[in-house]
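Peer 1:
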Amino acid sequence: MVEHLFIISIILYLVGALFALCLFKWQMVGNYVSFIFAAIASCLGIATAAMVLFNSSTIRLDFQLFLPVIKYNFLLDPLSSYFILAISVISFVASVYSIGYTRLYVNKRDVRFLGFTYNLFLMAMILVVSANNAFVFMIVWELMTLVSFFLVIFEHENPATRKAGLVYIVMAHIGSGLLAIAFFILLAYAGSFSFDSFRDVASQIPAVYKNIVFFLIIFGFGIKAGIFPLHLWLPMAHPAAPSNISMIMSGVMIKTAIYGFIRFYFEFLTPCPPWWGVIILIIGATSAILGILYALMERDIKTLLAYSSVENVGIILIGIGMSMIFKSYNQMALSSLAMIAGLYHLFNHAVFKCLLFGCAGNIYYSTHTKNIEELGGLIKRMQITAPLFLIGALSISAIPPLNGFISEWFIFQSLLNGFNIPSVIIKIITIICGAVVALTGALVATCFIKAFGISFLAIPRTKHAEKAKEVPVIMFISMGLLAALCVFMGLFPAKIMMIINHVNTQILGMNILKAVTSYDWLQMKIVRTNFTELSPKSATVFGLILLGITLGALFLMRPKFIRKFYETWTCGIAPEPRLEYTATAFTKPFKVVFSNLYKPRLEVNTTYSVPNFFVKSIAYVGEITPIFEKYLYNPVSNFVLRISDKARLIHAGNIHLYLAYIFITLLILIMFFR
Amino acid sequence: MSLTSNIILPILQLIVIVGLSPLVKGFINKIEARFQCRRGPSLFQPYYNLIKLLRKDAVVSETASWIFRATPYVTFVSILVIALLVPVLSSCVPLNFTGDVILIIYLFALGRFFLALSSLDTASAFGGMGGSREMMISSMAEPAMMLSVFTVSLTVGTTNLGNITSAFLNSSTLLLNPSLFLAFAALCIVIIAETGRIPIDNPFTHLELTMVHEGMVLEFSGRYLALIEWASGMKLLILLTILVNTFLPWGVASGLTFTGLIISFALYVVKIGFFAFLIAILESSFAKLRLFRIPNLLGTAFILSILAIISLYVVG
Amino acid sequence: MEILTLLLIPIITATACVFIRKHSISKYVSIAGSFIAFVYNIFLNYDVYTNHTLSGLNSFFYLDALSILSTQIVTLVGFAAALYSAGYMEAELHEGAFREKRLRWYYFLFHMFIFTMLLVCVSNNLGIMWVAIEATTLATTFLVGFYNKKPHQEAAWKYIIICTVGITLALFGVILTYHSAKGVIGEIGYALNWSELITVADKFEPHLIRLAFLFILIGYGTKAGLAPMHTWLPDAHSQAPSPISALFSGVLLNCSLYGIIRFHILTSKCIGPDYSGTLLMIFGLISVLVSIPFILIQKDYKRLLAFSSIEHIGIIALGFGFGGMYGVYGAGLHAFNHAVVKSLLFFCSGNLFLKYKTREIEKIKGAIKTIPITAVISIIAIFAITGTPPFNIFVSEFMVLAGGFSSGSVLSIIFSSLLVIGIVLIFIGFIYNMFKMIFGTPASVIPVGEVSKFTIAAMLFLLFFVLVVSIYVPPVLNEILHNIYDIVRNA
Amino acid sequence: MTEQVIVSSRTIDILAVLMLMTTIVLVGTSRLRTSIWAYAIRSFLLTWVSGLIAYFSGIHHIFIATGISLALKVILIPGFLFYIVNKTKVKTDVESVINYTLSLLISCGLILIAYYSTQSIIKFENDFMGHCLPVSLAITLLGFFVMITRKKAITQILGLLAMEDGLFFAALSTSYGMPLIVELGVFFDILVSVIIMGIYVYRIKETFDSIDTDSLRELKE
């Protein structure tokens, strides 16, 4: 039953792709067809995942089709179905959204190609998380990369887009190369490509090879996940892609890397030493803080969101890392608590990041700009997008009672539990990570206050923003769904934890549902850890009651309260856009405080109409140095190119030289291999 | 605990926090006036202000959106919810189950979020300036706050303020712990930063370029201003309450006896008064720091809290 | 007898082409001839498929899985190239690159070339095989210098000198083998027949065989383009007309490698697989590593492809060197895949050349706008040649690597890790150049539209094989590859 | 072992050494015509050897091979080369990349290598014609060396031919020549290749108006 659903959904993706390609003339129709197919298929995906999760079963699909020597194994276990769930939810929403969004391109570019690659992309992601065989995994993994690459360079006339695409595909391919080596090393021990055999030999691999594989995996998957300093491609590629694609890339594609981490570290490489977990933890913390610091300085809203994805991946990895540490100290209950934190945040991030990218897409759709300095006052012009963005912003900054807060809370709880770890060093590291997470949370809030406040509030700064109007309805339906999901996951965490618990029972063999949920005196289900309880539901209820009381009291105090509207007091002049606070100005204090990291460069050049007296114009350039490109990537690539340039002497074009090569080779062989 | 207590205690707490918070402000103003050799306004001046403002209509900027109008209510209510989460008179907190100190911290963040938004909402430059500075200060304060709170909750083994208080009440030896003193110091600095008192921010200034909190709320008037003022007053009181009831919990009623409540109330007033007095001294003996000196101060707080944690882990 | 027919087809076609003066007819003749050869060879395939070996002319010819794979590649690519040159040479003719009557010689040499390569694959006598390999050089020298300008003559000269030297060295290896064989067999006539040698190879005198294999490796390796004997290859490939370059990369290299593999089998039967296997691995790895820098900083896209051929020959050599099921199977499959994809890429390059009249990467922009079909096909082909899933080269490279890693010896694990890194770097080089040429907006006023129907037909024909083999290895091919593994293993 | 066989084997050894000397002449001389003559002489010696072998081994097809090589290697090819030299009217002295004394020293080294590398094989042979294999290898290497160091295109052809002589000698001396069909094929290949090379020498002379291979350096990275 379930496997049939699964196969059908895959087939539907394929059919959608082919349909999109076949409908030559009617682009609009092709557009609808492909995305509707995708939507249906993702619904089936949701159903599949739900079935597998709820009767927590594992389903194997093995085909011996096509290639002789190699089997095609797929496995649907709770872990993979959790990811399938996330992917399918997001892809459903994105598909519905795309139906509206793609109108931007109809008859301007080849929408058929978009639909084609889009469907393949979704299919590839589903297959990545369900593959049970190294060979199949590599194929679908690279297919995912390849298709998303074509989506990134969809607007290839723009040089920036081309650069983004190049950087993306190159880095992704380096990652896959490392992954391949890791797989092969495992293969050398397992003797077969199947993941099952990897699981079987997990304990027999010698430590040194395990460590090699560990680092290969960090880099291989880390590039896709966008951890610092391997994040370079992410803030380039995600903005370059069409918004409906960035929804998926940021929402779920980078999560497939997290899936890889979990598969390897909790199944193929167990038991793992504590310091692995510590490394993951530190990587997570670094990515979190640096990611948000760079997001803070961004003016391009999609780049900002991309950097914030880096930050969130960091937070997820903190959860995973804690879980690994606890596991290696064999404290399974805490390990699964941390795992809940990580996976919960994973799902949350998928939801609100998708929502935010959708709103960014709406903004681009109606204003054709992504630079928030050119926006403003949209809240009056796009009256539905604004609240949706606000909800997204609130939940990404972990404001209760929305979902972001829950996972943040769990992260804090698991970090607090670091005191159970025997080693003092690790204890201290965990607590410092706690501080980092706290700082990150505050910075996220700032960052999204900036993003929302500058682009939606006050007066429009440019014509684009003034002429902005609301986008087609179909784009709201999907995003409304996401917003609702944000609220739901914020208010009823126990439900989500029930799902994640299935995953835990599979990969950690630990069912802590009883331990982490209980009932309060109003018999409402609440979440609890060994430190405390949390019931966002009742907190919200009380909040609403108090709000009611406040309003009532105020009404009683002055029944006929009225507001008078006047223009803002700006020291006597009529308020105009130029007087508004800009995004750059808003984050200026942080630029000063963290100037060691940013190395800000600013130049002011003034042109005078009458020298030194009447200023005609003042140009102010302020930018931050991209230290990773400057000090890490450029040197490496330059080095490689320099070496290659030296190598050109081999082909000097002189035939005597060429003959001499052969002669010398011959002599060497005769002397030494005789 | 019985249903009655679950009805009565919240109401009591609300009354105490909501009722006393203007008085604390008035008290601080009075003391400072005394230090400046003025008679100063009456203790109850803040009450008069609030009532006056509540009676008035509001003037709203025409560029502002519904965010601006929603902000006062959000801020006020979020503070009220917090008021239900902290132990004031009795160590058994009514809404213990709904959340812990982390929730409290993020509820503060909720109010701050909306305030900062509304500061940007009225296309005036001062608002934005105030908002960005406020965000900077609070972000810097966040880690120190978190860590000092962690120190306390790790010594006790819970993050619920109520349980913390009762734990300290039960065994006073727990309190004699050097790391707690470090945490206490850190928390004091953080509270000053959070409530925007001198030397971080001057609550009395309306000189444009020095405004932080005042800059944010510059455009509010009438009822909205009243709610925000009141909320900030309550924030001060709540933070002080957390401070005193965590680090010097003596006298806090553990049960729900009438006498117990009376005693703890009396002691509570004394402690709060003491700390208010300290703030007054501080404010009248220091000048406001330069904006970019503030991170150093908060950094000190952070270092203190880190030391607290490390000493806790290493020494035990 | 069947084998003789296979050989006769190209000869007849060649002679026919000489006598037909008008290109409009001769092109169809050549297409027809190569097509017949292609189809006929498929039937031969089935014969070998049913009864594992095939021999004719009192065992003068000998076909087993190894040789049938090579003939298959020869005829397949040969047909595609004939189809392509019909369009390409016509376009060149219109450009006035040469006079029409020289085209006859083009087709004559073209089919003689195919004939010689077929002879290499089907001859049972290793001496004849040597003669045939030398003959391929002689047949193609004029094709390399076909345009007869300075660079073409230079390329031709380097080609014939270097290759002849190499082949001459190989002859020494053949002689030594013959010498040691005579020691065992004694009877002269058959002493160089593979079918005889393989039976008695284990009784050979080891020192002789070792020395012989060295000379064979150097000699045929020169022709196969194994570094550091590869130096003729980029020049010849870049100067020859595109269809000929396609045949060079796709087929000629394989044929010479085929020679090496034959001796590799003999040697490993005599003194165990390690000696020759290790040598193959070393040269394979050197070839891969040498090709990397030139691909990274290449300015001429035909040279780029040439260097990539060196890399892939290296990979095939590595595969045979690793040995084992995965290694050999993968190597065989890789030979096929590389032949198909690389010829396809050379066809693409030919179309680019016809459209832009330059071989410099920098001067080409926005091909996807001007020649969309070629551009799309070349994108696919580039991703295929760089071993990107889900295309066919990935499958074979993956198997070769699996062979390397699962063979257990530390040396081969290190080699395969280096191979992975090399493959990634080469991918980077290719993609970088692809971006320059394919995407963007065309700079100057290049007329939009494909050049010739024939070229597109040839490309689609090959593309079909690329896409099919990437998801499905036909049972015949599969069986043949398995047989090759048996042949190598039984040694 | 019969008297006559021993005698002929000794003669063959002597001839081998003579061939080696002609090759050294090829290395040492600075005159084009001299080196062509050296080639002719070497081929003649080679033919002599094969005649001898054919005589006492009594294998008939070697006679055929002898005849062909006499016609081809002693008469045709040298003639063709002289024809080319006259036709292209090149200056008839050979420039070398490295000077002659040094190249002579190197060639000594090569001969040593040839002996060194074949000794392990000779050990297993009977002492009969012990010099042949190393000498033939030496000739091959020397020819190769000439190809590397001499600049003129024609000298490269000569080097190649020297290599092939060495191989023929190896084939003859070790195993009485290859099977006839192979021999024929090899002869054919040599002839054709020399012709083609000649044609190219002519063409290169036409286009580059020199047959100096240093002018062929356009194609490079």
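Quick note, the sequences are listed as chains A, B, C and D, same order.
Counting with my numbering, you get residues 9 to 682 for the letters of the first sequence.
Counting with my numbering, you get residues 7 to 322 for the letters of the second sequence.
Counting with my numbering, you get residues 2 to 492 for the letters of the third sequence.
Counting with my numbering, you get residues 46 to 266 for the letters of the fourth sequence.
C-beta: ideal position from N, C-alpha, C; glycine also.
Using 9 Å as the limit for Cβ to Cβ distance, is Val94/D near chain C?
Peer 2: As a position in the fourth sequence, residue 94/D is number 49, starting the count at 1. Cβ-Cβ to chain C under 9 Å: no for Val94/D.
Peer 1: Might you give, ordered along the chain, the residues of its own chain that have their beta carbon closer than 6 Å to the beta carbon of Phe295/C, omitting 5 neighbours on each side?
Peer 2: As a working mapping, residue 295/C is identified with position 294 in the third sequence. These residues qualify, in order along the chain: Phe308.
Peer 1: Under the assumption that Met435/C contacts Ile374/C (Cβ atoms under 8 Å), give the Cβ distance between them as a whole number of angstroms.
Peer 2: Residue numbering aside, residue 435/C sits at position 434 when the third sequence is read from its first letter. Residue numbering aside, residue 374/C sits at position 373 when the third sequence is read from its first letter. Actually they are not in contact, since the Cβ atoms of Met435/C and Ile374/C sit about 16 Å apart, beyond 8 Å.
Peer 1: Grouping DSSP H, G and I as helix and E and B as strand, with all else coil, what is Val114/A?
Peer 2: Reading the first sequence from its first residue, position 106 is the one you call residue 114/A. Residue state, collapsed to three classes: strand.
Peer 1: Determine, for Gly105/B, whether the minimum Cβ-Cβ distance to residues of chain A falls below 9 Å.
Peer 2: Within the second sequence, numbered from 1, the residue matching residue 105/B stands at position 99. Taking Cβ atoms only, chain A reaches closer than 9 Å to Gly105/B, which makes this a yes.
Peer 1: Against chain D, does Asn140/A count as a neighbour if the rule is that its beta carbon must be under 9 Å from one of theirs?
Peer 2: Here residue 140/A is taken as the residue at index 132 of the first sequence, counted from 1. No - not a single Cβ of chain D is within 9 Å of the one on Asn140/A.
Peer 1: Is Leu231/B helix, strand or coil when you go by DSSP?
Peer 2: If you number the second sequence from 1, residue 231/B lands on position 225. The answer is helix: DSSP assigns Leu231/B an H, G or I state.
Peer 1: In angstroms with no decimal places, state the Cα-to-Cα distance between Tyr179/C and Ala192/C.
Peer 2: Mapped onto the third sequence, residue 179/C falls at position 178. Mapped onto the third sequence, residue 192/C falls at position 191. Cα to Cα, Tyr179/C sits roughly 6 Å from Ala192/C.
Peer 1: Output the residue ranges of the alpha helix (DSSP H) runs that lie fully inside the segment 343-427 of chain A and measure 4 residues or longer, sorted by chain position.
Peer 2: Segments of the alpha helix (DSSP H) lying fully in the segment 343-427 of chain A: 386-389, 393-404, 411-424.
Peer 1: Give, in chain order, every residue of the segment 652-665 of chain A whose Cβ lies closer than 7 Å to some Cβ of chain G.
Peer 2: Absent here is chain G; the protein component of the structure consists of chains A, B, C and D.
Peer 1: Using only the heavy atoms of the ligand HEM, determine whether one of them is closer than 8 Å to the beta carbon of Asn42/C.
Peer 2: Looking at this structure, you won't find the ligand HEM or any other ligand, since it has none at all.
Peer 1: Kindly provide the ranges of any alpha helix (DSSP H) runs that are 4 or more residues long and lie completely inside the segment 117-158 of chain C, ordered along the chain.
Peer 2: The segment 117-158 of chain C contains these whole alpha helix (DSSP H) runs: 127-145.
Peer 1: Output, in chain order, the set of chain B residues within a Cβ distance shorter than 8 Å of Met565/A.
Peer 2: Start at 1 with the first residue of the first sequence, and residue 565/A comes out as number 557. Correct list: Leu60, Arg61.
Peer 1: When you compare the CB of Arg87/D with every CB in chain C, is at least one pair closer than 9 Å?
Peer 2: Your numbering for residue 87/D matches position 42 in the fourth sequence. It does not; no Cβ of chain C falls within 9 Å.
Peer 1: The beta strand (DSSP E) that contains Ile658/A, what's its start and end?
Peer 2: In the first sequence, counting from the first residue as 1, residue 658/A sits at position 650. Taken as a continuous stretch (DSSP letters only), Ile658/A belongs to no beta strand (DSSP E), as it is neither H nor E.
Peer 1: In chain B, what lies closer than 8 Å to Arg307/A by C-beta?
Peer 2: Residue numbering aside, residue 307/A sits at position 299 when the first sequence is read from its first letter. Those do not exist, as Arg307/A stays about 15 Å from chain B at its closest Cβ, beyond 8 Å.
Peer 1: If you follow the beta strand (DSSP E) that Arg571/A is in, where does it begin and where does it stop?
Peer 2: By one-based count along the first sequence, residue 571/A stands at place 563. Per DSSP, Arg571/A belongs to the beta strand (DSSP E) from 571-574.
Peer 1: Which residues bound the beta strand (DSSP E) around Asp138/D?
Peer 2: Here residue 138/D is taken as the residue at index 93 of the fourth sequence, counted from 1. No beta strand (DSSP E) contains Asp138/D, which DSSP labels as neither H nor E.
Peer 1: So, does the segment 442-458 of chain A touch the segment 152-172 of chain B, judging by three or more C-beta pairs under 8 Å?
Peer 2: The segment 442-458 of chain A is in contact with the segment 152-172 of chain B.
Peer 1: Give me, in chain order, the residues of the same chain whose beta-carbon lies closer than 8 Å to that of Leu5/C; leave out the 5 immediate sequence neighbours on both sides.
Peer 2: Here the question's residue 5/C lines up with position 4 in the third sequence. The answer, listed in chain order, is Gly57, Leu58, Phe62.
Peer 1: Please state whether DSSP places Gly133/B in a helix, a strand or coil.
Peer 2: On the second sequence, residue 133/B is found 127 positions in, with the first residue counted as 1. Residue state, collapsed to three classes: helix.
Peer 1: If we ignore side chains and look at the alpha-carbon of each, how far apart do Ile287/C and Ala188/A end up?
Peer 2: Counted from its first residue, the third sequence places residue 287/C at position 286. Counted from its first residue, the first sequence places residue 188/A at position 180. Taking the straight line joining both Cα atoms gives about 21 Å.
Peer 1: Assuming Phe71/A is part of the beta strand (DSSP E), what are its boundary residues?
Peer 2: Counted from its first residue, the first sequence places residue 71/A at position 63. Looking at the DSSP string, the run of the beta strand (DSSP E) that includes Phe71/A is 67-71.
Peer 1: Taking DSSP as the reference, what is the three-state secondary structure of Ala139/A?
Peer 2: Counting from one through the first sequence, the residue named residue 139/A turns up at place 131. In this structure, Ala139/A counts as strand in the three-state DSSP scheme.
Peer 1: Check Asn59/C in the structure and name its three-state DSSP category.
Peer 2: The residue you call residue 59/C lines up with position 58 of the third sequence. Of the three classes helix, strand and coil, the one that applies to Asn59/C here is coil, per DSSP.
Peer 1: Would you report the Cα separation of Glu140/B and Asn393/C, rounded to the nearest angstrom?
Peer 2: What you label residue 140/B is simply residue 134 of the second sequence in a count that begins at 1. What you label residue 393/C is simply residue 392 of the third sequence in a count that begins at 1. Approximately 59 Å between the Cα atoms of the pair.
Peer 1: With a Cβ-Cβ cutoff of 9 Å, do Thr454/A and Phe598/A count as a contact?
Peer 2: Numbered from 1 along the first sequence, position 446 holds the residue referred to as residue 454/A. Numbered from 1 along the first sequence, position 590 holds the residue referred to as residue 598/A. Yes; because the gap between Cβ atoms is below 9 Å, this pair is in contact.
Peer 1: According to DSSP, is Val474/C part of a helix, a strand, or is it coil?
Peer 2: Here residue 474/C corresponds to residue number 473 of the third sequence, with the count starting at 1. Coil.
Peer 1: Cβ of Arg304/C less than 9 Å from any chain D Cβ?
Peer 2: To locate residue 304/C, count along the third sequence from 1; it is residue 303. It does; some Cβ of chain D falls within 9 Å.
Peer 1: Nearest chain A C-beta to Asp210/D closer than 9 Å, yes or no?
Peer 2: For the purposes of this step, residue 210/D is taken as the residue at position 165 of the fourth sequence. No, because no Cβ of chain A sits closer than 9 Å to the Cβ of Asp210/D.
Peer 1: Can you find the residues in the same chain that come closer than 6 Å, C-beta to C-beta, to Tyr276/C, ignoring five residues on each side of it along the sequence?
Peer 2: Residue 276/C sits at position 275 when you count from the first residue of the third sequence. Same-chain partners within the cutoff: there are none.
Peer 1: Grouping DSSP H, G and I as helix and E and B as strand, with all else coil, what is Thr442/C?
Peer 2: Within the third sequence, numbered from 1, the residue matching residue 442/C stands at position 441. In this structure, Thr442/C counts as coil in the three-state DSSP scheme.
Peer 1: To the nearest angstrom, how far is it from the Cα of Phe206/A to the Cα of Ile225/A?
Peer 2: By 1-based counting over the first sequence, the position of residue 206/A is 198. By 1-based counting over the first sequence, the position of residue 225/A is 217. If you take the alpha carbons of Phe206/A and Ile225/A, they lie about 15 Å apart.
Peer 1: For a minimum of 4 consecutive residues, which ranges assigned as the alpha helix (DSSP H) are wholly contained in the segment 274-315 of chain A?
Peer 2: The qualifying runs are 282-304.
Peer 1: Determine, using beta carbons only, whether Ile262/A comes closer than 9 Å to chain D.
Peer 2: As a working mapping, residue 262/A is identified with position 254 in the first sequence. Not closer than 9 Å to any Cβ of chain D, the Cβ of Ile262/A fails to qualify, so no.
Peer 1: Nearest to Pro167/A by CA position, among Pro448/C, Gly441/C, Phe455/C, is which residue?
Peer 2: Taking the first residue of the first sequence as 1, we reach residue 167/A at position 159. The option with the nearest alpha carbon to Pro167/A is Gly441/C.
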